[in-house]
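Data block below; observations after.
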Amino acid sequence: MTRLFTEFPQRIADVTTQLTTQGIPLTAPATPVIPPDPDNPWGSSHPAPPVDRTTLAWCTAAQMLADHHHTAVERQVLAADALLRELGVRGLAQLHSDLHNDAPIDYRFTRCPYCSGLGEDPTLPDCRDVGCPPQYEFADHPHNCPVCRGEDYQPTWFAEKRITQLDRLFSDALGPGPLQDSWYRRLAQRLRRRW
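Residue numbers (our numbering): 1 to 195.
In structure tokens form, the structure reads like this:
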């Protein structure tokens with residue numbers, strides 16, 4: 001567990017080193033105030049806050065984009081800024097899905113890009129930061145990862161559980177009979193060997 005928590009500062013250090021090498025500031029400036037548009041009463045005229053490029057969420061977004069597009073991190077700076085400004089940390093889940101062609105991500109089988117499958121918020125916030133009810137403040141409880149929502153990443157265990165469910169579905173679908181039973185057993189044995 002200690003080794004996992006040293007991974008997060010290392011991820012931040014790697015990305016910020018690349019930014020400083022390229023002369024890119026570690027804080028994105030706030031967007032300018034836009035004058036109100038009378039034709040668009042729902043439009044926002046508030047400036048977007050500055051983005052801290054040394055946070056774990058920003059570094060994770062930039063690294064995900066750089067790895068997906070096979071580019072350097074500095075080419076993904078503006079995209080990571082936009083993601084964190086518009087969607088915040090939870091936007092990493094949307095980004096992860098977008099990079100997989102809008103496929104739903106099952107974090108039981110896919111390692112979360114933010115917490116690396118830990119299931120807890122890797123920044124280790126306290127209850128005041130998260131907004132826990134006062135009665136939980138002194139109870140030792142984990143704060144779920146905002147991206148995978150605390151999904152338990154255990155592909156080996158869940159794969160075995162899923163094969164058991166498929167076995168049951170196959171047997172229900174095929175019904176009783178010696179021919180179907182032998183075919184079903186051969187198929188189940190092949191699937192188990194692959195896992």
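Glycine included, C-beta positions come from ideal geometry on N, C-alpha and C.
In the three-state reduction of the DSSP assignment, Asp52 falls in the strand class. Pairwise C-beta distances place the region 144-158 in contact with the region 118-126, as three or more of them are shorter than 8 Å.
When DSSP assignments are scanned along the region 122-172, the uninterrupted stretches of alpha helix (DSSP H) that are 4 or more residues long and fall wholly within it turn out to be 127-130. Under the DSSP assignment, Glu86 falls in the alpha helix (DSSP H) whose first and last residues are Val77 to Glu86.
Counted as a single uninterrupted DSSP element, the alpha helix (DSSP H) harbouring Gly91 occupies residues Gly91 to Leu99. When the Cα atoms are used, Asp129 and Arg186 turn out to be separated by approximately 54 Å.
Less than 8 Å separates the beta-carbon of Gln63 from that of Val15. The alpha-carbon of Phe109 is positioned some 47 Å away from that of Pro35. Residue state for Thr110 is assigned as coil, using DSSP reduced to three classes. A residue is called buried once 16 or more other Cβ atoms fall within 10 Å of its Cβ, and Ala72, having fewer, is exposed.
A straight-line Cα-Cα distance of about 40 Å links Leu19 and Pro134.
Under the three-state reduction of DSSP, Ala30 is assigned to coil, being neither helix nor strand. When DSSP reads this structure, Glu120 sits in a beta bridge with Asn144. In this structure, DSSP gives Pro35 a state outside helix and strand, which the three-state scheme calls coil. Excluding its 5 nearest sequence neighbours in each direction, Pro142 has C-beta neighbours in its own chain below 7 Å: Glu120, listed in chain order.
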